[in-house]
Amino acid sequence: MIAGGIGRVRLMAAVAAAKGMSLAIRVSRRGGGTATPGLVADRIDPNLIASVTSTLPDGVVIVAGTNGKTTTSRLVASLLDAGGKRVVHNRSGSNLVRGVATVLALEASVSGKIPADIAVIESDEAAFPQLVSLTKPRMVVLTNLFRDQLDRYGELATIANLWAPALATLDPEASIVLTGDDPGLVAVAADSPARKIHVSVDPGGYALAELPHAADSATCRVCGTDLSYTTLTISHLGDWYCPACSWKRPEPDALATNVRLDGVDAAGATLRFGEEPLIDLRIQIPGLYSVYNMAVAATATRELGVPAGTISRAVGDFSTPFGRLERFTVNGRNITLALVKNPVAFNETLRMLAGGPEGLSLPTLIAINDLDADGRDVSWLWDVDFEILDSGESVVSTTGIRAADMANRLKYAGLDIGRIRLLSQDLRAGLHAFVASVPEGERGFVLATYTAMLGLRQVLVDDGVARAYWEE
Amino acid sequence: MRLTIGWLYPTRMNIYGDRGNVIAMQRRAEWRGLETDVRHIELGDPVPEEIDLFFFGGGQDQEQIAVARDLAGRKGDALKAAVESGAALLSVCGGYQLLGREYRPHDAEPLPGIGLFDVETVAGSERFIGNVIVDTQWGELVGFENHSGLTFLKGDARPMGTVRVGRGNNGVDESEGVLYRNAIGCYLHGSLLPKNPVLTDWLIGAALERRGFQLPLLELDDQFEREAKISAMDRAVKTR
């Protein structure tokens, strides 16, 4: 009893400290204040995340994966909200342990209770094991596992080695909703006692002809043979099988078919669960990636009891998380800003541009930074297939700390020198020069790494074009 | 005239954008009017006789074991013979380690290399990560290191250069890489060659010379290459 009493006091102190800290940061205009208050709260009560989430009647859903976790977790939260659940969610993309602690502390009452039914937690790859152990999730949603920021995590195998033991600790009553088209994910989840729900996409005419260069080599977890594919969707995702033994893509519990991609505007698909009625999905975010994101989110929320009609409607109403793909009007130009954080995401964005009605004729700006959150090593630019651009006519401009590396990459991709414009490293000067080069009333496309995206967005906020992300 | 490039294990030894080196070899030869032919040499494939210029990149640990096994014996001998007869070669990170005498992990059997380079690598406890500047016979080179293996030069082995910024082969003796005839081993990703065209041209020139062509390579406009190198050097100085 005495220990419980002290624990409660510490929790209350932690919540109060985090709230005070966040207020102070916002008043002093130093930024979004999404991580520091959590760090303080975490110091005071390391058990805050566990205590606060244990009181939620519908438990915790954790969303993780290399690409699409922010969009997917927001979708899951939106669909649950549309289904009448009160949801707590780390919306600002603050997905490390302390970011999650911040969100929970700010939402909690001073006594440490949250006025919510369920938590949807987006987790960073490295934070995943700790968040699983702290929250004991009823559901884990895994989008995919790609090569990303290798200088931060070491090798891809390291992430898999971190995840497999964490998944093995899940309750047998828990479920894992995962992309069955990703052989690496299927292998990582294989030994978990939780129930697995596999989601696949039948790309129809949008299948890839061959395994792209950036794809991670996928080998059979049983016998080590290189995997083969009946169809490929993105990178190493597809309908895979081992040519030497019986390991193959699990029979899909949910299959997205009838895929329709509308260039840089939207994507649609029909989601099928065995013999049950279909769900029609259409989302205002382009690309085959969006099909995966909405199929996984729809499958997860259907499993959590949201009706099919609600899912369909809420997916249609969904708007993009900041910077993932946003549209702005800047001085009469229509500028689209997209985040490109690794070769696979970059390739998909280029494919999406190539598939749009304007094809590869849109003026494009590529902003590359090399800070910690971007990956300090810009080598990955050489894994992206910029060669797809050499058939276009658009001028491609570059900005950011490593603008010159990017311009050089485009040169070696075969673009005529006249199509490459090396702009200032300074994002403000770079963006302004780019916007001025787009004819009035026309479209321009901006692709940026994580911190470059934040920097460009800040320029747009200062110019009065965008809202600060923590105000969303 | 044709330059034949042999890319060793492109599927398995392919990490941190190392293919940029092959793209650079290819483009800079083509910009001089040479034809190029890139041959992939995978597990089980022989080393073709006609290769002028080899590239061997880095890989994940698991892949390196399979590759070490594949290189043992006749294939490794063929590669060594090609270099002895003047073929040019660039190896980076894992490829560099496997061309040395051996690699000794923490808690597993030593992995034998083919001994083209008189170097040995032992697993270290710290990972060297960051931008690097190296002073070499071609001037300063810039790249990005990311390794925990410590490589030590033995006997008469000659380093590729001296580290000005960064950790290099082993973090102790300031050496980076190894140079033997027209073959280079080093830890520089980045990708290395696109930002250091002087080295790309040296490799192409050496490969052509072996075929009996003594031509100075045509000058190219290297403005973007220079700018990329300057910004990488700037990052090296500011971030380490």
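Top line first, the protein sequences correspond to chains E and Y. With my numbering as the guide, the letters of the first sequence map in order to residues 1 to 472. With my numbering as the guide, the letters of the second sequence map in order to residues 1001 to 1240. Note that CB positions come from ideal geometry on N, CA and C, so glycine has one too.
Using DSSP's beta-bridge definition, name the partner residues of Asp1135(Y). In DSSP, Asp1135(Y) forms a bridge with Glu1140(Y), Thr1162(Y).
Neighbouring residues, chain Y, relative to Asn67(E) (Cβ below 7 Å): Going along chain Y, no residue has its Cβ under 7 Å from Asn67(E), so there is no contact; the nearest lies around 18 Å.
Cβ-based contacts, 8 Å cut-off: residues of the region 1023 to 1038 of chain Y near chain E: Those residues of the region 1023 to 1038 of chain Y that come within reach of chain E (Cβ to Cβ, closer than 8 Å) are Ile1023, Ala1024, Arg1027.
Cutting at 6 Å between CB atoms, please list the residues of its own chain near Met1001(Y), excluding the five before and the five after it. Within the same chain, Cβ atoms closer than 6 Å to the Cβ of Met1001(Y) are found at Leu1034, the five residues on either side in sequence being excluded.
Could you compute how far the alpha carbon of Ala1087(Y) sits from the alpha carbon of Leu1141(Y)? 22 Å
Would you say Tyr289(E) faces chain Y, with C-beta separation under 8 Å as the test? no
Do we get a CB-CB distance below 8 Å when we pair His1189(Y) with the residues of chain E? yes
Can you tell which of Asn331(E), Thr329(E), Ile368(E) has its C-alpha closest to the C-alpha of Lys341(E)? Ile368(E)
Count the other C-beta atoms from every protein chain shown that fall within 10 angstroms of the C-beta of Gln1214(Y), then say buried if there are 16 or more, exposed otherwise. exposed
Is the number of C-beta pairs between the region 289 to 303 of chain E and the region 61 to 74 of chain E that are closer than 8 Å three or more? Touching, yes.
So Asn67(E) is in the alpha helix (DSSP H); what residue range does that whole segment cover? Careful: Asn67(E) lies outside any alpha helix (DSSP H) and carries neither H nor E.
Exposed unless 16 or more other CB atoms sit within 10 angstroms - verdict on Trp1031(Y): exposed
Considering only DSSP beta bridges, list what Glu1145(Y) is partnered with. Gly1130(Y)
What's the gap between the Cα of Leu221(E) and the Cα of Glu1063(Y)? It should be pointed out that residue 221(E) corresponds to Arg in this sequence rather than to Leu. Distance between the alpha carbons of Arg221(E) and Glu1063(Y) is about 14 Å.
Got a sec, what are the start and stop residues for the alpha helix (DSSP H) Ser350(E) sits in? It is Leu, not Ser, that sits at residue 350(E) in the sequence shown. That run of the alpha helix (DSSP H) goes 343 to 355.
Consult DSSP for Pro1010(Y) and reduce its assignment to one of helix, strand or coil. Coil.
Touch check for the region 1163 to 1178 of chain Y and the region 1119 to 1128 of chain Y: three-plus C-beta pairs under 8 Å? yes
Beta carbon of Thr1239(Y), beta carbon of Arg376(E): below 8 Å? Cβ distance < 8 Å, so Thr1239(Y) and Arg376(E) count as in contact.
From Pro183(E) to Leu1098(Y), what distance separates their C-alpha atoms? 29 Å
Contact under 8 Å by Cβ, Ile1015(Y) with Gly1057(Y): yes
Euclidean distance between Cα positions of Val27(E) and Tyr1187(Y): Confidence at Val27(E) is low in this model, with a pLDDT of 43, below 50, so its placement is unreliable and the value that follows should be read with caution. So the alpha carbons of these two residues sit roughly 47 Å apart.
Shorter than 8 Å from the beta carbon of Asp405(E) to some beta carbon of chain Y? True, the Cβ-Cβ gap to chain Y drops below 8 Å.
I believe Ala244(E) touches Thr219(E) by the beta-carbon criterion, under 8 Å. Please report the beta-carbon distance rounded to the nearest angstrom. Rounded, the Cβ-Cβ distance is 10 Å, inconsistent with contact.
So within the region 147 to 222 of chain E, which uninterrupted alpha helix (DSSP H) runs reach at least 4 residues, ignoring any that extend past its ends? 150 to 153, 156 to 168, 183 to 189
Interface residues of the region 1147 to 1176 of chain Y facing chain E [CB-CB below 8 Å]: none
Considering only the alpha carbon of each residue, which of Val395(E), Gly430(E), Val465(E) lies closest to Ala452(E)? Gly430(E)
6 Å CB neighbourhood of Gly316(E) in its chain, flanking five on each side removed: Arg282
Gly238(E) versus Gln1223(Y) - alpha carbon distance: 41 Å
When the Cα atoms are used, what is the spatial distance from Val1237(Y) to Ser1231(Y)? 10 Å
So, with DSSP's three-state summary, where would you put Leu271(E)? strand
To which residues does DSSP link Cys1186(Y) through a beta bridge? Val1092(Y)
Tell me the DSSP secondary structure of Asn258(E) in three-state form. strand
Stretch pair the region 455 to 464 of chain E + the region 1018 to 1029 of chain Y: three plus CB contacts closer than 8 Å: no
Going along chain E, which residues have a C-beta under 8 Å from Ser1231(Y)? Ile401, Arg402, Ala403, Ala404, Asp405, Gln425
Please confirm if the region 1093 to 1111 of chain Y is in contact with the region 1178 to 1185 of chain Y, defined as three or more CB-CB distances below 8 Å between the two stretches. yes
Classify Met139(E) as helix, strand or coil using the three-state DSSP reduction. strand
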